[in-house]
Structure formats: C-alpha cells, structure tokens
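Visitor: Every letter in the sequence shown is one number past the one before it in full-length UniProt numbering, and letter 188, counting from 1, is 188.
Using N, Cα and C, we set each Cβ at its ideal position, and we do this for glycine too.
Here the structure is a predicted model, which means the values were calculated and not measured.
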Amino acid sequence: MIQSMTGYGKSVIQLPTKKISIEIKSLNSKNLDLNTRMPSLYREKELDIRKLIATKLERGKIDFSLYMEITGEETSTQINKTVVKQYIKQLKEVVDGDETEMLKMAIRLPDAVTTERDEIDENEWSQIAKEIDNSLEKIHQYRLDEGKSLESEFFDRVKNISDLLDQVIAMDPERIEGVRERLHKGVAELKEKVDENRFEQELVFYIEKFDITEEKVRLKNHLDYFLKALKSADSNGKKLGFIGQEMGREINTIGSKSNYAPMQKLVVQMKDELEKIKEQLLNVL
1 MIQSMTGYGK
11 SVIQLPTKKI
21 SIEIKSLNSK
31 NLDLNTRMPS
41 LYREKELDIR
51 KLIATKLERG
61 KIDFSLYMEI
71 TGEETSTQIN
81 KTVVKQYIKQ
91 LKEVVDGDET
101 EMLKMAIRLP
111 DAVTTERDEI
121 DENEWSQIAK
131 EIDNSLEKIH
141 QYRLDEGKSL
151 ESEFFDRVKN
161 ISDLLDQVIA
171 MDPERIEGVR
181 ERLHKGVAEL
191 KEKVDENRFE
201 QELVFYIEKF
211 DITEEKVRLK
221 NHLDYFLKAL
231 KSADSNGKKL
241 GFIGQEMGRE
251 INTIGSKSNY
261 APMQKLVVQM
271 KDELEKIKEQ
281 LLNVL
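So this is what it looks like as structure tokens:
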C-alpha cells in the first residue's frame, strides 16, 4: 500500500517537574531532509533520534521538534547574587535612583543569571523516547490514510487513460483507412498513371510508419504494471514515477504517429490525466 510523504504526529508527556511536547511534520522531498529542534539538555540524544526517524519515515522533508516547559519548582537557572549586588553598587555610583529599577537593570546585564548544565535522567528519557515512538506511529498512520486517498485517485486516473486508449484502439482502423484514402486522392490529383503493385508496396511501407500497434500494447502493459505496483505491500513512489515516465513515452509516440485529429484529441486527454498522476506521485513515499 502506498504512503503519502505528508504527515503530522504529536505527543505530550507530563513529567514530575516538566511537560514535554513532541511534534513531527513531514512534506514531500526526493530524499530525507531532516531538521531537529530541541533543548540543549537533550542534544546528546540527537543522533539516536535522527537514526530512528530515518528508519521509520525513510524519506521526506521532516521537521522534528521537542519542547520543554518547566512546571515544577526545580530550575537550573540561578541568580548570581554577588554579581547582581556589584552591578547595583556600581549603578548607584553613576546615578541616584530607585533600587527596584536598578535591580531590573542589573538582572539583564551579563553573568547576572547562570544556567547549570543538567544531566539527562535516563528513566525520564525512556519515557520521552516512548512518546517519540508514539509520535512516529501517528505520523505513519497519517501517511497511510493520505496514501489511501492518493491510491483511489491513481486508480481513477489510470482507468481514464485506459478508457481513452480503448477509444484509440477502436479508432485506429478508421485512421489507417483515412491515410490510405488521402494518399490515393493525392496520386489521383497528380493525374499520372502509376504501377498499382508498386503503389501498394509503397503504401504499405508508408502506413507502417504510422502503425501504433506496439505502442498500444506497451501502454496497456504499463497501465497494468502501474496498478500492480500500487497494490504491492511496499510504498515505492520512485518506481511508480519510472512507470509513469514509460507511459508518457508511449502516449507521446502515439500522438506523433497518429496524424489524425480525432486521435490526437484523445492523446491530449491522456497526457492531461498522466500529468495529474505525475503531480501526485511527487508526494508518494
């Protein structure tokens, strides 16, 4: 079953002194393009997170965000009282003012506040890692749901091309007869006698240049192969893209060989359907 590269997953976990929010967003991309945002406390786990995401999501432009909100009394940020007092003392030497206002100024000056480097609590991290897995499962399900919508559209588009191809096949004898009549008419207008046997040989050779039998067969096979690939267990957008390219080649060749306006109209409609398939294939994993 195919998967979309578009997805979203979010999980929130409440720990004793903090709330952790995890968000994963995914858009289409030819390769894996992963961007991570997280507090410096958890940076040492970034490589593990990247490997996990690459394994689970494979491809796409992915934004991973881990937000931390302190909800308890514990904090790693401390006021450097000695430095703040020195700042206030120096400010008093410069200007005579309200101590509260001086404190507001001093607290914003360099080294007034220090942040202690916390160590990761492994028990705490195991809970966070579990929620990361949960978010990845949510985005995976999102991709599957989007894939079902894309699959339905692909089936409809391929059926439309197949129906148009049936019309081309039904129209082909009429087209060939039209080519034959135009050639006979052209020779007649020259008002010259021709060797009928030689003319028929040349006619057969000329008509063979407009024969689209092989293209019709190959296009039919490509359509069947595309549907078979859609039903496979794996989602392979690149493979479907290659099949789409082959379909395009056959449709283009039919158009260039047709030399018949009604058939060329059908070819234009097939190209339009295929273009819509190609646009959506850009979003298939």
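Going by Cα to Cα distance, which pick from GLN90, ILE13, GLY147 and MET270 is closest to THR71?
Guide: Residue ILE13 is the option with its Cα nearest to THR71.
Visitor: Can you give me the C-alpha to C-alpha distance between MET263 and SER4, rounded to a whole angstrom?
Guide: About 35 Å.
Visitor: Unbroken beta strand (DSSP E) runs of length 3 or more, entirely within the UniProt domain "Endoribonuclease YicC-like N-terminal" (2–151): which are they?
Guide: If we require 3 residues or more, the beta strand (DSSP E) runs fully inside the UniProt domain "Endoribonuclease YicC-like N-terminal" (2–151) come out as 7–14, 18–27, 32–37, 60–70, 77–79 and 113–115.
Visitor: Which same chain residues end up closer than 8 Å to ASP33 when comparing Cβ atoms and leaving out the 5 residues on each side of it in sequence?
Guide: Cβ neighbours of ASP33 beyond the five flanking positions: GLY60, LYS61 and ILE62.
Visitor: Which word fits ASP211, buried or exposed, when buried means at least 16 other C-beta atoms lie within 10 angstroms of its C-beta?
Guide: With fewer than 16 Cβ atoms within 10 Å of its Cβ, ASP211 is classed as exposed.
Visitor: Is the region 162–171 touching the region 80–99, taking contact as three or more C-beta pairs under 8 Å?
Guide: Segments in contact, no.
Visitor: Using 10 angstroms around the beta-carbon of THR213, count the other beta-carbons present and answer buried if the total reaches 16, otherwise exposed.
Guide: Classification of THR213: exposed, given that the 10 Å Cβ count is below 16.
Visitor: Assign PHE154 to one of two classes, buried (16 or more other C-beta atoms within 10 Å of its C-beta) or exposed (fewer than that).
Guide: It is buried - the Cβ of PHE154 has at least 16 other Cβ atoms within 10 Å.
Visitor: Below 6 Å CB to CB, which residues in the same chain sit around residue 288 once its five sequence neighbours on both sides are set aside?
Guide: Residue 288 lies beyond the residue range present for the chain, which begins at 1 and ends at 285; the question has no answer from this structure.
Visitor: Can you name the start and end residues of the alpha helix (DSSP H) that TYR225 belongs to?
Guide: 213–230 is the span of the alpha helix (DSSP H), which, as asked, contains TYR225.
Visitor: Taking the straight line between their C-alpha atoms, what separation do you get for VAL113 and GLN90?
Guide: For VAL113 and GLN90, the distance between alpha carbons rounds to 18 Å.
Visitor: Using only the alpha-carbon positions, how far apart do GLU119 and TRP125 sit?
Guide: Roughly 11 Å between the two C-alpha positions.
Visitor: For LEU230 and GLU146, which I take to be in contact (beta-carbon distance under 8 Å), what is that distance rounded to the nearest angstrom?
Guide: With 8 Å as the limit, LEU230 and GLU146 do not qualify as a contact, their Cβ atoms being about 14 Å apart.
Visitor: Where does the unbroken alpha helix (DSSP H) through SER256 begin, and where does it stop?
Guide: 237–258 is the span of the alpha helix (DSSP H), which, as asked, contains SER256.
Visitor: Taking the Cβ atom as the reference point for each residue, do GLY9 and LEU144 lie within a distance shorter than 8 Å?
Guide: Their beta carbons are not under 8 Å apart, which means GLY9 does not touch LEU144 by this criterion.
Visitor: Which residue's Cα is closest to the Cα of ASN37: GLU177, ILE139 and LYS45?
Guide: Note that residue 37 is Arg in the sequence shown here, rather than Asn. Per the Cα distances, LYS45.
Visitor: Buried or exposed for LEU282, going by 16 or more other Cβ atoms inside 10 Å?
Guide: Its Cβ having fewer than 16 others within 10 Å, LEU282 is exposed.
Visitor: Taking the alpha-carbon of ASP111 as reference, which of LYS104, ASP121 and VAL83 has the nearest alpha-carbon?
Guide: With distances taken between Cα atoms, ASP111 lies closest to VAL83.
Visitor: Considering only DSSP beta bridges, list what VAL284 is partnered with.
Guide: VAL284 is bridged to SER4.
Visitor: In angstroms, rounded to a whole number, what distance separates the CA positions of LEU240 and ASP172?
Guide: Cα to Cα, LEU240 sits roughly 29 Å from ASP172.
Visitor: Using a threshold of 8 Å, state whether the C-beta atoms of ILE128 and ILE53 are closer than that.
Guide: Cβ atoms of ILE128 and ILE53: not closer than 8 Å.
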